[in-house]
Structure formats: structure tokens, C-alpha cells
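Q: Before anything else, here's the structure in question.
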Ligand code: AMP
Ligand code: GLY
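Here it is, written out as C-alpha cells:
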């Protein structure tokens, strides 16, 4: 079997690592390609230099190589319609269609969907006019949340604690056009208080099979301080999402969303990722993503016992009903090692030392994100560089093992949070 994975982050490295273990890839002539990949991925897959949003290039590569299954990591190509193009050409591809991916690509769309189908989320208003947005802000209390409607690489959401901050957020989005056309429409919404949980599920448009819960750490510094990032670390499971709460989330959020999308003529196939806030009034949706999370996928793949290719094929064939996905009960933790300065400016090209030492540890995986090969050395090539991921018999052991591995790796200017998993440890007591 020939598989193509689209993307170049830690999420894609973890997916490829898991795909490479599939029984479907043991046959002679099986190959895994990744476009464009990174230094870590190049050790287990053939990297090809086609950009993730070059849909035409990806399609002609897949046709030429007779790819049996394409798996899409990031949201960009999904919202551009890669799935629709591949399906039109008769190729099998795992991911949400263009119309389904709008659940992530347009917050105005996803909020309206939630309102229509009674899915719990923050109260909100949509604005296309700056002055109207600002007068609305003045009527509302603080804190308040301002969001660009379109894709903004995780930077289009501003939680404002003062009116001044809220007004600058509106100006950043609508006047300075910091996120381009993603800021044509803007949402102002109620601030929700609580702990955040990521719940990802496989769905074929009818059956919804949740993966174990996970908790991301979005801020750059310990104790959730500093600016938001793509995610600095994650643990799975998130103890706050108890069995009872999980069935509530399935009943009130995941299943109605998939059904709602079907009723809207936007059948949803692939991974549905709900970013949830566990409020005192119950779980509410902060946002939906139309893809696997990064870094959530890293610990989830280490915990997945079932064959991921079989699950993906069942999604594509709409035969998820009756399938049981097996997961390792043991918790897993991923600590992201980033380049100093991230999420602002950072340096690239620093040599990474100690990768082999860390890789030699049992039940530890060092997933690469922003890495590249230079003169046969592995160097930093992005903001988030590595996702050091470990399994442990309990959360404390998983955290300790991940940090032991982290301590073996270094480069000039490396930064990581020291408190990933601390909250889960305190809840486990
Ligand atoms: P989003 O991309 O919509 O998930 O927002 C990014 C981050 O902003 C979330 O992970 C939360 O930390 C925060 N956030 C978004 N919406 C709200 C809200 N209504 N109340 C509090 N925090 C929020
Ligand atoms: N971990 C956040 C995301 O994947 O969007």
C-alpha cells in the first residue's frame, strides 16, 4: 500500500509513525510519502518538496505514484478543498471536505451552526463594521473575547481584560487587517471560565468514535503566562473529562454537530476536534477544528492500539459503525521544545544535540516539528521544534519520563515549559 501524508509538523510525524506500524503496510512495495515533511519524518517516510497548499501538485503526485490513501494534517488544504479534488479524481483521502471544513475555516459559520442546533457555546454577536463592534464592546462587561472569523494560525483570538485591549483587538483585525480577509467578519463573545479540554473524534458522518481526551497548554510560559502559541505540551487523558462528562459531551456536542452538518448538506468525514471549556454550567465549545490537533496527536498516537489505517479506511467507506478502537490505558505526555523567542521572532539553523540519547529511552518518542537536515546534521527550522512524548504507568511517571528525555536534548536558545502535566498530577492525587 502507498500512503501520502500532507504536512510537516509533529502531528504528521506522529501520524506517519503510527501509519508505518499498520499491518496494511507490510506488503512488499509499501511506501509512505510525506509532503513536505521534516528531518524526523525523513527517517521513516520519503519526503517530497510539495507545499501543503499546492493542491494541484499534490494531486498530480498522488496520481503518478498511484497513492492508495492520502491523509491530510493541517487545516489550510482542507479549507481549500483538497479532499473534494482528490475524490473527484477517484483517489481515497482522509479528511474533511471543503464544505465540512468550514466548521474551522469560518467561526461565523460554526457559531451559527451551534446556535441552530442548540450546541452549548459562548453567547456572541457577529460584526462587519468596526464602529458597531466598538459600541457593542462598550455596552458589554469585561473580560470579553474578540475573534477574527477566518483562519489566523491560532492568533486571531484575543481575550481582552480592558476596554482598551478589546478596542485594539477590533482594530488589529478590522483596521490593520492583521489576518487579511480572515478579519472581514469578527465575533465578539462572552468570556468563559474553566479548564480547557480537547476532544477529538473519528467520524464517517454517522458514527462518532471519540479518542481519549487531552489537555493542551496554549501559553508560552509556565503557569499559563505569556502569549498564546500553537500548543506547548499536552497530556492525555484529561482527568477533568470524567466518564459522565464525556457522555454529556458526546450527547450534547459531538453527535448533534455531526448530525447538524449532515442536515446542512455538509456531511462530515474525518476528525472532528472540539476545543471545550469545562464551565460551571457544563462543557461549552470554544471552537471546532476539522483535523487532528497538534500537539494532541502526539500522545494520542502513542496511546492508540488499533490499526489507524483500518480506522481511516472505515471512515472513508462510511463503515465506522460497529468498530471498536482500542487505546492504551496508560497516560501519555508531550513536552514541546521550542526555539527561543517563539511565538515571536526566533532563530533557525541551530544544531540539535542529544536526539539519539533520548530516542534510546523506552516508550519515549521524539516527534519532530520544525527541524531540517543541514550538512547531515539535524538543525532547528521552526518555532515549535520537537514534541518529546512519553507513556507512563501513571501521569507522574509519564511526565518524569518525558522531562528525562527533554533533559538529554539541547540547542542554543531552546525553550520549553517545565510544568506540563502538573495540573493532571494534582488532580490524580
Ligand atoms: P479558539 O481558537 O477559538 O479556540 O481560541 C483560542 C484560545 O482562546 C482558546 O483555546 C481559549 O484559551 C481562548 N478562548 C477562546 N474563546 C474563549 C472564550 N469565549 N472564553 C475564554 N477563553 C476563550
Ligand atoms: N493544539 C491546538 C490545535 O491543534 O489547534
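Numbering (the working numbering), first residue to last: 140 to 568.
Glycine is no exception: its CB is placed at the ideal position from the N, C-alpha and C atoms.
1) Determine, using beta carbons only, whether residue 356 and residue 477 come nearer to each other than 7 Å.
2) Looking at the secondary structure, which residues open and close the beta strand (DSSP E) in which residue 510 lies?
3) Mind listing, in chain order, the residues whose beta carbon lies closer than 5 Å to a non-hydrogen atom of ligand 2?
4) Which runs of the beta strand (DSSP E) at least 3 residues long sit entirely within the segment 450–520? Give them in chain order.
5) Opposite residue 567 in the DSSP bridges: which residues?
6) Tell me whether residue 353 counts as near ligand 1, meaning its Cβ is closer than 6 Å to at least one heavy atom of that ligand.
7) Run the proximity test for residue 410: is its beta-carbon closer than 6 Å to any non-hydrogen atom belonging to ligand 1?
8) Using a threshold of 6 Å, is the CB atom of residue 330 nearer than that to any non-hydrogen atom of ligand 1?
9) Given a cut-off of 7 Å on the beta-carbon distance, is the pair residue 285 and residue 265 in contact?
10) Can you give me the Cβ contacts of residue 170 inside the same chain, cut-off strictly under 7 Å, excluding the 5 residues immediately before and after it?
11) What does the alpha-carbon distance come out to for the pair residue 204 and residue 359?
12) In whole angstroms, give me the CA-to-CA distance for residue 342 and residue 155.
13) Measuring only from the beta carbon, is residue 325 closer than 6 Å to any heavy atom that is part of ligand 1?
14) Give me the residue from 312, 219, 294 and 279 with the minimum Cα distance to residue 300.
15) Can you name, in chain order, every residue of its own chain whose Cβ lies under 8 Å from the Cβ of residue 401, other than the five neighbours on each side?
16) Would you tell me roughly how many angstroms separate the C-alpha atoms of residue 162 and residue 447, rounded to the nearest one?
17) Whose CA, out of 364, 353 and 525, lies closest to the CA of residue 435?
18) Can you list, in chain order, the residues of its chain with a C-beta nearer than 8 Å to that of residue 404? Leave out the 5 residues immediately preceding and following it.
19) May I ask you to check if the CB of residue 298 is nearer than 6 Å to at least one heavy atom of ligand 1?
20) Under a CB-based cut-off of 7 Å, is residue 412 close to chain B?
21) Considering only residues of the same chain and omitting the five flanking positions on each side of residue 321, which have a CB-CB separation below 7 Å?
22) At what residue ranges does the segment 149–211 contain a whole run of the alpha helix (DSSP H), taking only runs of 4 or more?
23) What distance in whole Å lies between the Cβ atoms of residue 240 and residue 208, which are believed to be in contact at a cut-off of 8 Å?
24) Could you spell out where the alpha helix (DSSP H) holding residue 269 opens and where it closes?
25) Could you tell me which uninterrupted beta strand (DSSP E) segments, each at least 3 residues in length, are contained entirely in the segment 214–292, listed from first to last along the chain?
26) Evaluate contact between the segment 491–508 and the segment 560–567, counting only Cβ atoms and requiring at least three cross-stretch pairs below 8 Å.
27) Please name the residue in 146, 302, 235 and 165 whose C-alpha comes closest to that of residue 197.
A: Looking at the atomic coordinates:
1) Indexing the chain shown from 1 puts residue 356 at position 217. Indexing the chain shown from 1 puts residue 477 at position 338. Going by C-beta atoms, residue 356 is not nearer than 7 Å to residue 477.
2) What you label residue 510 is simply residue 371 of the chain shown in a count that begins at 1. Segment 510–513, the beta strand (DSSP E) holding residue 510.
3) 355, 370, 432 and 433
4) 471–478, 503–507, 510–513 and 516–519
5) Walking along the chain shown from the start, residue 567 turns up at place 428. According to DSSP, residue 567 bridges with nothing at all.
6) Residue numbering aside, residue 353 sits at position 214 when the chain shown is read from its first letter. The answer is no for residue 353.
7) Indexing the chain shown from 1 puts residue 410 at position 271. Every heavy atom of ligand 1 is 6 Å or more from the Cβ of residue 410, so no.
8) Taking the first residue of the chain shown as 1, we reach residue 330 at position 191. Under cutoff, so the answer is yes.
9) Position 146 of the chain shown, counted from the first residue, corresponds to residue 285. Position 126 of the chain shown, counted from the first residue, corresponds to residue 265. For residue 285 and residue 265, no; Cβs fall outside 7 Å.
10) Counting from one through the chain shown, the residue named residue 170 turns up at place 31. Contacts found: 141 and 185.
11) Residue 204 sits at position 65 when you count from the first residue of the chain shown. Residue 359 sits at position 220 when you count from the first residue of the chain shown. Distance between the alpha carbons of residue 204 and residue 359 is about 41 Å.
12) Along the chain shown, read from residue 1 onward, the residue named residue 342 stands at position 203. Along the chain shown, read from residue 1 onward, the residue named residue 155 stands at position 16. Approximately 20 Å, taken between the alpha carbons.
13) As a working note, residue 325 is residue 186 in the chain shown. Result no, Cβ not under 6 Å from ligand 1.
14) Taking the chain shown and counting its residues from 1, one reaches residue 300 at position 161. Checking every option, the nearest Cα to that of residue 300 belongs to 279.
15) As a working note, residue 401 is residue 262 in the chain shown. Answer for residue 401: 344, 345 and 407, listed in chain order.
16) On the chain shown, residue 162 is found 23 positions in, with the first residue counted as 1. On the chain shown, residue 447 is found 308 positions in, with the first residue counted as 1. For residue 162 and residue 447, the distance between alpha carbons rounds to 10 Å.
17) For the purposes of this step, residue 435 is taken as the residue at position 296 of the chain shown. Closest option to residue 435, Cα to Cα, is 353.
18) To locate residue 404, count along the chain shown from 1; it is residue 265. Answer for residue 404: 238, listed in chain order.
19) Numbered from 1 along the chain shown, position 159 holds the residue referred to as residue 298. It does: the Cβ of residue 298 is within 6 Å (strictly closer) of some heavy atom of ligand 1.
20) The chain labelled as chain B is not found in the depicted structure, where only one protein chain is given.
21) As a working mapping, residue 321 is identified with position 182 in the chain shown. Taken in chain order, the residues that qualify are 287, 288, 289, 290, 291 and 295.
22) 149–158 and 194–203
23) Indexing the chain shown from 1 puts residue 208 at position 69. Indexing the chain shown from 1 puts residue 240 at position 101. Between residue 240 and residue 208 the Cβ distance is about 19 Å, and since that is not below 8 Å, they are no contact.
24) Stepping through the chain shown from its first residue, residue 269 is reached at position 130. Run containing residue 269: 269–278, per the alpha helix (DSSP H) assignment.
25) 263–266 and 283–287
26) no
27) On the chain shown, residue 197 is found 58 positions in, with the first residue counted as 1. It is 146 whose Cα lies nearest to the Cα of residue 197.
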